[in-house]
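Numbering (the UniProt record's numbering), first residue to last: 1 to 721. Think of the CB as a built atom: it goes at the ideal place given N, C-alpha and C, for glycine as much as any other residue. Please read all numbers here as calculations on a predicted model, not as lab measurements. To start, the structure under review is shown below, and the notes come after it.
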């Protein structure tokens, strides 16, 4: 580079960026700082690739490139020298998933200017700044049927047809707010960088050429200004538009940017929320109908995905919720779209069933299983009277296990299963902990259905998974807001969706009589908590109904301070079936111990063991060292018994911790040895009872680990809804 060239580059940067701030800095050679870093090295092989070779997915992508490489039609864009001089043999394809995985083939690390692909992202940024109303007043959402640089506006509204043609894109650039502490073009660069997951830079050479050859776009800008669409001198908006088109990317960047759209605006590789889901929905919708200019219809028939092309040779195609495909091949067709890139997208869409018309069919297994609580109880260990109570009442409780994605088909099946099962059940447990995704309207419909069941006298417990409990509590608040709100909120400072997620549930919700979440509707983070809660309710119901019940599952055993040692001993599973003399002998040798909530019940040395009878409160069995994270393997209620042992390797054992303030009676190692020596008959009966309790524990644990066989075991004969 000559000194004259470097000086000219400095002058270009200074002359165009004085008002808005520069989006790059130049070094002593006149090159933008950091620009050399934008060219990525070739991808390194992962450990699996070193062992097994390239992924078969990348092999499939390479095969697609081999096919489309035979296409010789088209020429690189001649609009500016940087595009005209592009190597026409460059070819790349990258697939990035919404789960954060990436596959690439060809020249995927070669950089090129983003050009018109930038329009989709800047359109979204304008919506985030101005809201839907502010943007829709300036830019329509209709396909134009004309080339991307056609000088035309709507004859009545003067609006550009959409944001994917140049007139709409220039307007969108102007709508980006430059008054939030950061220059407009810098905000755009930062947005692109957040979408790509790395710092992207503008190439001043490309920018200078865009500036020099931009007369047609200037005509568009001044026309937009003359009719009041751009409400000021359009010069700066035009320069910002030239700058956004000059940002350099590679095919991998484009794929990640598309995957961020596929993931609803959250970058799956950085986990950063880049754009709101409602904005992404609009962007993808406009890309769907307008992203490929006057070839949009042909594209959608053949590829069937929202797409956007650029005259630099790049294309992105997005499968919402799944993945994005990005291609790079400079030769363009008469519409300004990459010939080989379009062909590659078509082959990938057809071969991998990505076309919208081949979307996933409704799953037949959304409802994994419906069975009674009697067939799948909690891991809470209860005394014999409580177990008898559950045997009598648990068969009236339906447990519904849901899995997969709850879009409309899955939500409809879930609502139907709830209503059908509740016709013959007194209580329903709906387990949503294995649901991967649930639409906003789905949450509302399930909330409304659950509330209707509660008003009809059913108890309903929802298991929603630990991260989502707050969302479900908020769901009822939103339902009530929807019922009583006359108009949806409209936030003029940001995007607001006039078609709120909750609208499908509003008409159903208006017939609900209550204005708060019913008391008999509870939400739990885990299935175990829900099962234990419903079991507690059933046992309490039986206590109230049967005044002659001799044992309960409350937080304390009855009459423990009475003089009758036999009565106290009989209230435990361990001593329930022994004769009076042996029961009194064992009970009297057990030492009473009080433990505060959260503290270990016993601290035993390796090799020591003790027998513990739960008298009052709740014992929780947890893996060693995991008490704070809420991991509970088993819960022990009053009247139950367990053996505690000290081990040298804590990773191999669980620890008994007081779930509440606790009273237990303990037969420690010396007491057990004394019992065996002095009262061998009592010791033998003790170990028989312990063996019986252990076998019951093993049966319960096996049932929990094996799980219940999939299928509807509640409605053997389908009930008409």
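Around the beta carbon of residue 160, a 10 Å sphere encloses 16 or more other beta carbons of the protein chains shown; the residue is thus reported as buried. Per DSSP, the beta-bridge partners of residue 372 are 398.
Take the alpha-carbon of residue 168 and the one of residue 139: they are about 6 angstroms apart. In this structure, residue 307 and residue 315 form a Cβ contact; the two beta carbons are roughly 6 angstroms apart against a cut-off of 8 angstroms. Secondary structure remark: continuous beta strand (DSSP E) runs of at least 3 residues inside the stretch 571 to 595, in chain order: 591 to 595.
For the 8 angstroms CB-CB criterion, residue 122 and residue 196 do not form a contact. A direct Cα-Cα distance of roughly 22 angstroms separates residue 541 from residue 615.
Check the Cα spacing between residue 683 and each of 589, 605, 185 and 277: the tightest is with 589. Exposure of residue 85 is indicated by the presence of fewer than 16 other C-beta atoms within 10 angstroms of its C-beta. Residue burial is scored here from C-beta neighbours: residue 240 has at least 16 other C-beta atoms within 10 angstroms and is therefore classed as buried.
A residue is called buried once 16 or more other Cβ atoms fall within 10 Å of its Cβ, and residue 61 is buried on that count. Under the DSSP definition of a beta bridge, residue 459 partners with 427. For residue 308, DSSP records a beta bridge to 316. Three or more beta-carbon pairs drawn from the stretch 418 to 434 and the stretch 525 to 533 are found closer than 8 angstroms, and the two stretches are therefore classed as touching.
Residue 544 and residue 319 have their C-alpha atoms roughly 57 angstroms apart. Look at residue 635 here: in three-state DSSP terms it is strand. Each of 399, 296, 274 and 532 was checked against the Cα of residue 380, and the nearest Cα belongs to 532. Here the alpha carbons of residue 66 and residue 287 stand approximately 28 angstroms from one another. Leaving aside the five residues that flank residue 304 on each side, the residues in its chain whose CB is nearer than 7 angstroms to its CB run, in chain order, 349, 355, 356 and 357. Taking the C-beta atoms as reference points, residue 400 is found nearer than 8 angstroms to residue 367.
As the crow flies, the alpha-carbon of residue 604 is around 26 angstroms from that of residue 383. Excluding its 5 nearest sequence neighbours in each direction, residue 296 has C-beta neighbours in its own chain below 7 angstroms: 143, 289 and 290, listed in chain order.
For the pair residue 134 and residue 269, the CB atoms are not nearer than the 8 angstroms cut-off. Around the CB of residue 369, 16 or more other CB atoms lie within 10 Å, so the residue is classed as buried.
DSSP, reduced to helix, strand and coil, places residue 275 outside both helices and strands of the structure shown, so it counts as coil.
Annotated three-state conformation of residue 322 is coil, per DSSP.
As DSSP reads the structure, residue 95 sits in a beta bridge with 103 and 325. Excluding sequence positions up to five before and after residue 676, its CB lies within less than 6 angstroms of the CB of 683, all in the same chain and listed in chain order.
Boundaries of the beta strand (DSSP E) harbouring residue 655: 654 to 658, taken from the DSSP string. In the structure shown, residue 354 falls within a coil segment according to DSSP collapsed to helix, strand and coil. Its chain contains 339 as the residues whose beta carbon lies nearer than 6 angstroms to that of residue 73, once the 5 sequence neighbours on both sides are disregarded; these appear in chain order.
By the 16-neighbour rule on beta-carbons within 10 angstroms, residue 157 is exposed.
In this structure, DSSP gives residue 348 a helical state, which the three-state scheme calls helix. Per the DSSP secondary-structure output, residue 522 pairs in a beta bridge with 461.
If you ignore the 5 residues before and after residue 407, its C-beta comes within less than 6 angstroms of the C-beta of 439, all in its own chain and listed in chain order.
In this structure, the alpha-carbon of residue 457 lies about 14 angstroms from that of residue 418.
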